[in-house]
Amino acid sequence: MQFTLSRSAHILLIRGISLVFALGSLYGIWDNREFFLLSPFYFIAFIDFSFAILFLYFVFSFKSVVNETPQYLLYGILAFWAYTISAGIIGSIVRSQSIGLIETARIAGGYTVPTFILSELLYVVLLPSIMFLFILYFLRTYSRST
Numbered sequence: 000m001q002f003t004l005s006r007s008a009h010i011l012l013i014r015g016i017s018l019v020f021a022l023g024s025l026y027g028i029w030d031n032r033e034f035f036l037l038s039p040f041y042f043i044a045f046i047d048f049s050f051a052i053l054f055l056y057f058v059f060s061f062k063s064v065v066n067e068t069p070q071y072l073l074y075g076i077l078a079f080w081a082y083t084i085s086a087g088i089i090g091s092i093v094r095s096q097s098i099g100l101i102e103t104a105r106i107a108g109g110y111t112v113p114t115f116i117l118s119e120l121l122y123v124v125l126l127p128s129i130m131f132l133f134i135l136y137f138l139r140t141y142s143r144s145t
């Protein structure tokens, strides 16, 4: 027995995921406010805001976007995946440079430096990649059901 979602459930799921991405992008600006005076903050804040607008657009017009230009949704998802990884890496580097790698590891939960680096790779690279593969799977099954 195969588990399938109805067309309206797919639309609701993808709109919900897009809303989470939009809110996550806006939270990224708030989370990095301590680095307001450093130049990478403005670059990341601009990209965060741009992706928030993009994903809010997907929330409110998903059905028309998929029906008219489905590749744009895929490009948006892949761009957000690349942004998530690069912004996470840039954020970790900026945080480590501003207060030191040992102090950053200690603040992050009492990690040693190697454990901190492994946890950053897990949370910044591996888990977002798995999540985006899951989303692409849902988009693929959605496009088959239409």
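If you read the sequence shown in numbering that gives the first Met the number 0, its first letter stands for residue 0, the second for the next number, and so on. Just so it is clear, CB atoms sit at the ideal spot from N, CA and C, and this is done for glycine as well.
Worksheet item: Anyone know if the C-beta pair for F45 and S17 falls short of 8 Å?
Response: For F45 and S17, no; Cβs fall outside 8 Å.
Worksheet entry | Coil, strand or helix - S5 by DSSP | Under the three-state reduction of DSSP output, S5 falls in the coil class, being neither helix nor strand.
Worksheet entry | Cβ of E102 within 8 Å of any chain D Cβ | Going by chain labels, chain D is absent from the structure shown, which holds only one protein chain.
Worksheet item: Under 8 Å between the Cβ atoms of N31 and I43?
Response: Yes; because the gap between Cβ atoms is below 8 Å, this pair is in contact.
Fill in: Boundaries of the alpha helix (DSSP H) in which V112 is found, first to last residue
Following the DSSP letters along the chain, one finds V112 inside the alpha helix (DSSP H) bounded by residues V112 to L120.
Worksheet item: From this set, L117, L138 and L125, which residue's C-alpha is nearest I84's C-alpha?
Response: The residue among L117, L138 and L125 with its C-alpha nearest the C-alpha of I84 is L125.
Practice prompt. Mind checking which residues open and close the alpha helix (DSSP H) that includes R105?
Written response: Segment L100 to I106, the alpha helix (DSSP H) holding R105.
Practice prompt. Using only alpha-carbon positions, find the residue among S60, L73 and G87 that is nearest to D47.
Written response: The shortest C-alpha separation from D47 is found at G87.
Practice prompt. Could you have a look at G15 and say whether DSSP puts it in helix, strand or coil?
Written response: G15: helix per DSSP, three-state reduction.
Worksheet item: With a CB to CB cut of under 8 Å and the five nearest residues on each side skipped, what residues in its chain are close to G75?
Response: Around G75: L53, F54 and F57.
Worksheet item: Are W80 and F115 closer than 8 Å when you measure CB to CB?
Response: In this structure, W80 lies away from F115, with their beta-carbon atoms at least 8 Å apart.
Practice prompt. Indicate the three-state DSSP secondary structure (helix, strand or coil) for G109 in the structure shown.
Written response: When secondary structure is reduced to three states using DSSP, G109 falls in the coil class, being assigned neither helix nor strand.
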